[in-house]
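S.K.:
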Amino acid sequence: DRELAERAMSEGAEIRTGVKCVGVRQGERVTVNFTGRTSGSVESELVIGADGAVSRVARDVGLGSREHIFCAQAEVRAGGEDDVAEIFLGREYAPGFFGWMVSAGEVWRIGTGAVAGNPLEYLNRLVARHPSLRGRLRPRGIRACARPIPSIFIREPRRGRVLLVGDAAGQVKPLTGGGIYMGLRGASIACEAVTGWLEKREEEALSEYGRSLREVFGREVMLGQLARRAFRAMSDGDLDAVVRSLEGKLGRIIRRDLDFDHHGRLILGLMKNLPTLLLEIGLRRGIEISGRALESK
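Take the sequence shown: its position 32, counted from the start at 1, is 19 in the working numbering, and no numbers get skipped.
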């Protein structure tokens, strides 16, 4: 981040720290009001809102009402294998999402997410009650934080001469909530659209942003949303059955098709082998999961 900021300033960018956006208004130019270390307003021909999941820019241009996943994470002292990421499933600890624990140097990051409720309560419950963590965590956490993750991809993240990028535009993977890859790719696509607009001064150039996003991410997001609906429709017993089946064909498909940044290939591979997978987790259980997923939003 520091290197990018220095490069931007070397090209003439002005960076203000210690302030936040408190309002955006479009007219002949776009006005952004800010407050914090200093207060005031700036005007621009064009604004890019990259101000996170609870984006004030998105709200003020009419794109701010959406669903979120609420997450909490803490850094703790713990014992475990440095090269293994641990995933925790179940409605007691992460309803509609999952928990995680990964090594981060001298500390471990443990967190959880939920589609509703207080994520800090779920995190405390995970730390205190999960049997696999018993005796492994040191009593004192170093730092804890909570934040929302957007769960709705905005297909047209533009209003007039305001473009949204990253979490503000819902550019996260539907299954995991990860936003680094999609946010960076979205920023690159936004830059191409803005460059075209600066050259032509035609609004149509800005429309390329949404079209290009849908072309690049459309199928991936659609498949991810389908998989998320199926996941949320599962009971804890369903999840146990799926995990047990990882030793069979399901596990082989995952090992073959899993890609950290692109989940679409894996989801398609699972869909193509649906009959076999239904047999592995139980035909009746699989049909019930499919039915609940189709009924959900």
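For glycine and all other residues, C-beta sits at the position ideal for the given N, C-alpha and C. Computed from a prediction, not measured in an experiment: that's the story for all the values here.
Kindly indicate the opening and closing residues of the alpha helix (DSSP H) around K187.
M.R.: 167 to 187
S.K.: Residues in the same chain with beta-carbon distance under 6 Å from V48, minus the five sequence neighbours each way, listed in chain order, please.
M.R.: R146, V149
S.K.: Do S31 and V17 have their C-beta atoms closer together than 7 Å?
M.R.: Note that the C-beta distance between S31 and V17 is below 7 Å.
S.K.: By alpha-carbon positions, which one of F140, G67, L113, T4 ends up nearest to H55?
M.R.: F140
S.K.: Please name the residue, chosen from P144, G77, E93, that lies closest to R112 on a Cα-to-Cα basis.
M.R.: G77
S.K.: By how many angstroms is the C-alpha of R(-6) removed from the C-alpha of G5?
M.R.: 20 Å
S.K.: What first and last residue would you give for the alpha helix (DSSP H) that runs through E190?
M.R.: 190 to 219
S.K.: Any contact of the segment 95 to 107 with the segment 56 to 63, i.e. 3+ C-beta pairs under 8 Å?
M.R.: In this structure the segment 95 to 107 touches the segment 56 to 63; the number of beta carbon pairs closer than 8 Å is three or more.
S.K.: Can you grab the Cα-Cα spacing for the pair G288 / A177, in whole Å?
M.R.: The first residue shown for the chain is -12 and the last is 284, placing residue 288 beyond what the model contains.
S.K.: For R64, which residues in the same chain have their Cβ closer than 6 Å to its Cβ, ignoring the five residues on either side in sequence?
M.R.: R125
S.K.: Measuring CB atoms only, is the segment 171 to 190 touching the segment 220 to 228, in the sense that at least three cross pairs come out at less than 8 Å?
M.R.: no
S.K.: Three-state secondary structure (DSSP) at R46?
M.R.: In this structure, R46 counts as helix in the three-state DSSP scheme.
S.K.: Using 8 Å as the cut-off, can you tell me whether the segment 88 to 99 makes contact with the segment 32 to 41, which would need three or more C-beta pairs spanning the two stretches below that distance?
M.R.: Not touching, per the Cβ criterion.
S.K.: Just reading off the alpha helix (DSSP H) that E108 is part of, what are its end residues?
M.R.: 106 to 116
S.K.: Does the distance from the CB of G98 to the CB of F84 come in under 7 Å?
M.R.: no
S.K.: Between A214 and S42, which are expected to be in contact by the criterion C-beta below 8 Å, what is the C-beta distance as a whole number of angstroms?
M.R.: The beta-carbon separation of A214 and S42, rounded to 26 Å, does not stay under the 8 Å limit for a contact.
S.K.: Give the DSSP bridge partners of F57, in chain order.
M.R.: Answer is A101, P135, bridged to F57.
S.K.: Helix, strand or coil, according to DSSP, for E(-2) in the structure here?
M.R.: coil
S.K.: List the DSSP bridge partners of G66.
M.R.: Bridge partners of G66: none, in fact.
S.K.: Suppose the cutoff is 6 Å on Cβ atoms and the five residues either side in sequence are ignored; what does the same chain contact list for P144 look like?
M.R.: L151, A156
S.K.: According to the Cβ coordinates, are A40 and P137 closer than 7 Å?
M.R.: Yes, they are a contact pair.
S.K.: For V102 and G27, what's the separation of their Cα atoms in angstroms?
M.R.: 36 Å
S.K.: Taking the beta carbon of E186 as the centre, do at least 16 other beta carbons fall within 10 Å, making it buried, or is it exposed?
M.R.: exposed
S.K.: Checking the sheet assignment: what are the DSSP bridge partners for S222?
M.R.: Per DSSP, none; premise fails for S222.
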